[in-house]
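Peer 1: Please see the structure below; I have some questions.
2 protein chains.
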Amino acid sequence: MQTPTLRDVADAAGVHPATASRALNPATRGLVNAETARRVIKVAEGLGYRPNPIARGLKTAKSSTIGLVIPDLTNPLFPPIVRGIEDVLEPAGYSGLIVNTDNDPQREQAQIELLRGRQVEGLIVATALIDHPLMARLHTEGVPMVMVNRRPDGVDIPSITPDDAAGIELAVQHLAGLGHAKVAHLAGPGTTSTGVARLRAFRNAVRDLDLDTDPELVVICDHWSEDSGAAGLRRLLDRRPDVTAVVAGNDLIALGCYDVFAERGISCPGEISVVGFNDMPFLDKLAPPLTTVAIPHQQIGAEAARLLLDAISEPDRPARSVLLPLSLVVRGSTAPPAG
Amino acid sequence: MQTPTLRDVADAAGVHPATASRALNPATRGLVNAETARRVIKVAEGLGYRPNPIARGLKTAKSSTIGLVIPDLTNPLFPPIVRGIEDVLEPAGYSGLIVNTDNDPQREQAQIELLRGRQVEGLIVATALIDHPLMARLHTEGVPMVMVNRRPDGVDIPSITPDDAAGIELAVQHLAGLGHAKVAHLAGPGTTSTGVARLRAFRNAVRDLDLDTDPELVVICDHWSEDSGAAGLRRLLDRRPDVTAVVAGNDLIALGCYDVFAERGISCPGEISVVGFNDMPFLDKLAPPLTTVAIPHQQIGAEAARLLLDAISEPDRPARSVLLPLSLVVRGSTAPPAG
DNA sequence: CTGAAAGCGCTAACAA
DNA sequence: TTGTTAGCGCTTTCAG
Numbered sequence: 001m002q003t004p005t006l007r008d009v010a011d012a013a014g015v016h017p018a019t020a021s022r023a024l025n026p027a028t029r030g031l032v033n034a035e036t037a038r039r040v041i042k043v044a045e046g047l048g049y050r051p052n053p054i055a056r057g058l059k060t061a062k063s064s065t066i067g068l069v070i071p072d073l074t075n076p077l078f079p080p081i082v083r084g085i086e087d088v089l090e091p092a093g094y095s096g097l098i099v100n101t102d103n104d105p106q107r108e109q110a111q112i113e114l115l116r117g118r119q120v121e122g123l124i125v126a127t128a129l130i131d132h133p134l135m136a137r138l139h140t141e142g143v144p145m146v147m148v149n150r151r152p153d154g155v156d157i158p159s160i161t162p163d164d165a166a167g168i169e170l171a172v173q174h175l176a177g178l179g180h181a182k183v184a185h186l187a188g189p190g191t192t193s194t195g196v197a198r199l200r201a202f203r204n205a206v207r208d209l210d211l212d213t214d215p216e217l218v219v220i221c222d223h224w225s226e227d228s229g230a231a232g233l234r235r236l237l238d239r240r241p242d243v244t245a246v247v248a249g250n251d252l253i254a255l256g257c258y259d260v261f262a263e264r265g266i267s268c269p270g271e272i273s274v275v276g277f278n279d280m281p282f283l284d285k286l287a288p289p290l291t292t293v294a295i296p297h298q299q300i301g302a303e304a305a306r307l308l309l310d311a312i313s314e315p316d317r318p319a320r321s322v323l324l325p326l327s328l329v330v331r332g333s334t335a336p337p338a339g
Numbered sequence: 340m341q342t343p344t345l346r347d348v349a350d351a352a353g354v355h356p357a358t359a360s361r362a363l364n365p366a367t368r369g370l371v372n373a374e375t376a377r378r379v380i381k382v383a384e385g386l387g388y389r390p391n392p393i394a395r396g397l398k399t400a401k402s403s404t405i406g407l408v409i410p411d412l413t414n415p416l417f418p419p420i421v422r423g424i425e426d427v428l429e430p431a432g433y434s435g436l437i438v439n440t441d442n443d444p445q446r447e448q449a450q451i452e453l454l455r456g457r458q459v460e461g462l463i464v465a466t467a468l469i470d471h472p473l474m475a476r477l478h479t480e481g482v483p484m485v486m487v488n489r490r491p492d493g494v495d496i497p498s499i500t501p502d503d504a505a506g507i508e509l510a511v512q513h514l515a516g517l518g519h520a521k522v523a524h525l526a527g528p529g530t531t532s533t534g535v536a537r538l539r540a541f542r543n544a545v546r547d548l549d550l551d552t553d554p555e556l557v558v559i560c561d562h563w564s565e566d567s568g569a570a571g572l573r574r575l576l577d578r579r580p581d582v583t584a585v586v587a588g589n590d591l592i593a594l595g596c597y598d599v600f601a602e603r604g605i606s607c608p609g610e611i612s613v614v615g616f617n618d619m620p621f622l623d624k625l626a627p628p629l630t631t632v633a634i635p636h637q638q639i640g641a642e643a644a645r646l647l648l649d650a651i652s653e654p655d656r657p658a659r660s661v662l663l664p665l666s667l668v669v670r671g672s673t674a675p676p677a678g
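Just so you know, the protein sequences line up as chains L and Z, in that order.
Take the first sequence: its letter number 149 is residue 149 in our numbering, and every next letter is one higher.
Here our numbering = 1-based position in the second sequence + 339.
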């Protein structure tokens with residue numbers, strides 16, 4: 001016999017399926033005689049009954065499923081976030097459906113279509129762009145969602161983001177404290193909130209700390225990637241070979257710097273110091289270990305999931321956004337400037 | 340109006356829902372007048388109709404969903420495999436539901452229960468142990484599944500695994516070629532197929548190449564983890580401080596060696612060479628860059644997904660298993676022995 | 001407190 | 001080729 005159905009349980013317990021349903025569902029159990037309920041539950045266990053969420057979903061128009069929209073699972077930033085998400089989704093009876101967009105809006109739209117087709121009850125999105133018509137549309141359509149890491153501008157969607165400004169400030173202060181005056185910034189793309197927030201914070205910090213404010217010290221990278229970081233640093237060095245420290249928009253961009261150091265025989269931190277952002281795994285094993293701004297990955301995910309579950313259960317509650325505190329992890333890639 | 344249903348489409352097209360269903364499903368489209376079909380499809384598009392897979396699943400007892408059982412998404416080995424899996428699942432109309440077991444059999448069982456509750460049509464499992472009653476039971480219950488990376492013993496389940504023996508042989512040959520005679524092996528747990536296969540291959544290789552076959556040169560680690568690797572190397576060095584090269588069971592174990600090198604001031608590759616296994620990301624950025632046996636991660640995943648889809652569509656086809664070829668990536672962690 | 005009846009959206013016989 | 005009918009497994013009115 002295949003997995004028993006509610007009917008089987010009801011028959012075996014000598015009650016009507018409806019009664020069995022009520023007895024088995026904690027939320028409606030109160031409507032049924034405690035004794036009967038106990039009996040039904042017992043029988044259900046005996047038969048190894050497991051409710052079929054598909055059937056339940058069809059009736060209740062709920063799938064107990066939520067969509068995770070990320071650029072690329074292969075980026076080490078995301079797995080811990082995903083873990084954090086699942087850690088809160090699972091006890092709540094939800095499952096996460098992960099899709100990768102590869103940062104392609106086309107693909108993103110298709111993937112989200114797919115998720116909606118699968119009746120996800122909400123979306124956790126890590127691919128937000130500052131100007132993101134798709135997200136805006138979904139939001140007006142009333143799709144419950146939460147942004148992680150980045151957020152669109154001018155749309156009132158709940159989000160969990162790191163405190164970019166504070167993080168960059170920590171980084172610049174650290175470098176200034178070491179004695180660096182010519183600090184550069186390899187910014188992330190201006191299409192992302194993290195890119196612009198960190199850039200703005202950088203400009204404020206160098207100004208406040210009386211460091212060199214030459215605009216040539218800022219290079220905006222095309223992507224949040226190693227290659228873009230390398231290209232950015234090359235451009236920077238061509239303009240300002242005298243730079244002694246770099247605040248990278250994130251860790252991958254910092255890794256790109258490492259490539260250029262190797263390529264040009266530059267010593268780090270001897271000649272140039274570097275600070276990353278995100279503290280992705282294994283950074284402590286690099287040569288040199290990367291100093292970086294650490295964000296609480298799992299916690300970001302967990303918090304996002306909680307916000308989303310809230311949004312699902314209380315659709316009318318106003319969007320709540322969380323700014324997560326972060327800390328600077330000082331490792332070997334930063335040191336006082338030479339001579 | 341919420342998402343239109345098949346009824347809405349049928350009404351708008353002036354046909355019966357059953358006809359609309361047939362027209363919309365490519366598999367049954369042949370049963371319907373080409374003209375009618377075209378019209379229905381057109382109307383469906385116009386209304387933005389998207390079929391509800393939940394309803395479809397309820398009827399067909401299929402969920403178009405498969406379960407991915409992995410130990411921990413946070414282990415960098417898995418994300419690329421997952422990508423590979425999704426890359427073939429998605430075009431086939433399937434979605435993957437990922438669960439993390441944290442290598443806890445308890446949790447594994449619970450998670451698989453959950454997946455089955457969600458009516459997954461099959462399982463891709465990366466947590467196989469040599470002796471794995473749960474997998475054996477699922478297999479006899481006829482649950483379609485495929486093992487990736489590791490496999491249980493004595494059960495006829497399709498699997499995609501790296502060619503462990505060949506990989507270890509490459510590693511040992513490389514070290515022997517550099518002039519190492521005292522080569523050690525930090526083996527993975529004996530409860531996993533990869534652990535024992537690599538250990539066996541190591542023993543064969545040192546014998547065939549006339550290297551030191553002292554059993555003290557083999558340490559079996561408790562887990563496939565950095566900490567276990569570190570503990571293993573400490574044990575090894577206490578017994579055989581004269582060792583000049585280590586073949587680590589996998590990259591994480593090799594990373595553990597790096598920790599011990601730092602802790603004891605041992606230079607690598609100056610005093611001890613290390614080879615890893617898996618070629619997880621960013622190994623080229625380590626100090627020193629890790630020489631390792633590379634496996635085709637995405638391809639493993641893709642192949643696993645293909646096998647599973649086959650198994651689902653043809654349940655009676657005999658289990659097919661694939662041994663994937665691998666290659667040695669020589670980086671900076673290996674060099675001729677000192678003096 | 002429990003049973004009867006209807007229906008979620010779709011597909012699969014069976015008829016016409 | 002199309003429509004009719006029934007039902008997947010469950011929840012949810014509505015009566016009783």
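Beta carbons: idealized from backbone N, C-alpha and C, even for Gly.
1. Between the Cα of Glu113/L and those of Val40/L, Met135/L, Val247/L, Asn250/L, spot the shortest distance and give me the residue it belongs to.
2. Leaving out the 5 sequence neighbours to the left and right, which residues in its chain are closer than 7 angstroms to Arg645/Z when beta-carbon positions are compared?
3. I'd like to know whether the C-beta atoms of Ile54/L and Leu397/Z end up nearer to each other than 9 angstroms.
4. Please list, in chain order, the residues of the segment 50 to 70 of chain L that have any C-beta partner in chain Z closer than 8 angstroms.
5. Quick one: does Ala287/L have its CB under 9 angstroms from some CB of chain Z?
6. Going by DSSP, what residue range makes up the alpha helix (DSSP H) through Pro554/Z?
7. Report yes or no: is there a C-beta of chain L within less than 9 angstroms of the C-beta of Arg457/Z?
8. Between Thr466/Z and Leu622/Z, what straight-line distance do the alpha-carbon atoms span, to the nearest angstrom?
9. Look up Met1/L in the DSSP assignment and say whether it is helix, strand or coil.
10. Just the C-alpha distance for Leu328/L and Glu86/L, rounded to the nearest angstrom, thanks.
11. Evaluate Pro472/Z with the Cβ neighbour count: other Cβ atoms within 10 Å of its Cβ, from every protein chain shown; 16 or more gives buried, anything less gives exposed.
12. Helix, strand or coil for Ser612/Z, going by three-state DSSP, please let me know.
13. Consider the Cβ of Pro17/L: report whether some Cβ of chain Z lies at a distance smaller than 9 angstroms.
14. So Pro289/L and Ser333/L are in contact, right, with Cβ under 8 angstroms, and what is the actual spacing, rounded?
15. In terms of residue numbering, what span does the beta strand (DSSP E) encompassing Ala584/Z cover?
16. Can you find a CB in chain Z that lies within less than 9 angstroms of the CB of Asn100/L?
17. For Glu642/Z, which residues from the same chain have a beta carbon less than 7 angstroms from its beta carbon, with the 5 sequence-adjacent residues on both sides left out?
18. Would a C-beta distance cut-off of 9 angstroms place Ser434/Z and Ile405/Z closer than the cut-off?
19. Enumerate, from N- to C-terminal direction, the unbroken beta strand (DSSP E) stretches of 3 or more residues contained entirely within the segment 401 to 430 of chain Z.
20. Counting only C-beta atoms, is Gly154/L closer than 9 angstroms to chain Z at any point?
21. Mind reading off the beta-carbon distance from Arg50/L to Thr3/L? Whole number of angstroms is fine, and I expect it under 8 angstroms.
22. Quick one: which residues of the segment 588 to 620 of chain Z get their C-beta closer than 8 angstroms to a C-beta of chain L? List them in chain order.
23. Counting only Cβ-Cβ distances shorter than 8 angstroms, please list the residues of the segment 234 to 247 of chain L near chain Z, keeping chain order.
24. Taking CB distances under 9 angstroms as the criterion, tell me whether Arg422/Z reaches chain L.
25. Under 7 angstroms between beta-carbons, which chain Z residues line up against Ser95/L? List them in chain order, please.
26. Do Val348/Z and Ala510/Z count as a contact pair if the criterion is CB distance below 9 angstroms?
27. Measuring straight from C-alpha to C-alpha, what distance separates Arg7/L and Ile592/Z?
28. Hey, does Leu114/L have any beta-carbon neighbour from chain Z nearer than 9 angstroms?
29. Would you mind listing the alpha helix (DSSP H) stretches within the segment 523 to 549 of chain Z that are 4+ residues and don't spill past its ends, in chain order?
30. Could you tell me which residues DSSP puts in a beta bridge with Gly506/Z?
31. How many angstroms separate the CA atom of His139/L from the CA atom of Glu314/L?
32. Go through its chain and collect everything with a Cβ distance to Ala658/Z's Cβ below 7 angstroms, but skip five positions before and after it.
33. Mind listing the chain L neighbours of Gly460/Z? Cutoff is C-beta to C-beta under 9 angstroms, in chain order.
34. How do the segment 184 to 193 of chain L and the segment 223 to 235 of chain L stand: do at least 3 beta-carbon pairs fall below 8 angstroms, yes or no?
35. Which of the three DSSP states, helix, strand or coil, is assigned to Leu328/L?
36. Look at the alpha carbon of Val82/L and the alpha carbon of Ile409/Z, and state the distance between them as a whole number of angstroms.
Peer 2: To lay it out plainly:
1. Met135/L
2. Val427
3. yes
4. Taking 8 angstroms as the cut-off between beta carbons, the residues of the segment 50 to 70 of chain L near chain Z are Arg50, Pro51, Asn52, Pro53, Ile54, Ala55, Gly57, Leu58, Ser63, in sequence order.
5. yes
6. Where Pro554/Z is concerned, there is no enclosing alpha helix (DSSP H), given that its DSSP letter is neither H nor E.
7. yes
8. A direct Cα-Cα distance of roughly 23 angstroms separates Thr466/Z from Leu622/Z.
9. Legend: pLDDT at Met1/L = 49, less than 50; position of this residue unreliable, no value from coordinates given.
10. Annotation: Leu328/L to Glu86/L spans about 27 angstroms, alpha carbon to alpha carbon.
11. exposed
12. Strand.
13. Residue contact with chain Z for Pro17/L: absent (no Cβ-Cβ distance below 9 angstroms to any residue of chain Z).
14. Contact between Pro289/L and Ser333/L is confirmed by a C-beta separation of about 7 angstroms, below the 8 angstroms threshold.
15. First-last of the beta strand (DSSP E) with Ala584/Z: 584 to 587.
16. yes
17. Ile499, Val661
18. Ile405/Z sits close to Ser434/Z, with the two beta carbons spaced by under 9 angstroms.
19. 404 to 409
20. no
21. 6 angstroms
22. Cβ contacts with chain L: Leu594, Tyr597, Pro620.
23. none
24. For Arg422/Z, the answer is yes, since a Cβ of chain L falls inside 9 angstroms of its Cβ.
25. Leu436, Arg457
26. no
27. When rounded, the distance between both Cα atoms is 52 angstroms.
28. yes
29. List check, alpha helix (DSSP H) in window: 532 to 547.
30. Note: Gly506/Z sits in no beta bridge, so no partner.
31. Spanning the two alpha carbons is a distance of roughly 15 angstroms.
32. Within the same chain, Ala658/Z has close Cβ partners Asp495, Ile496, Pro497.
33. Before going on, a small fix: residue 460/Z reads as Glu here, not Gly. When 9 angstroms is used as the limit between beta carbons, Glu460/Z is near no residue of chain L, the shortest such separation being about 12 angstroms.
34. yes
35. It is a strand residue.
36. 13 angstroms
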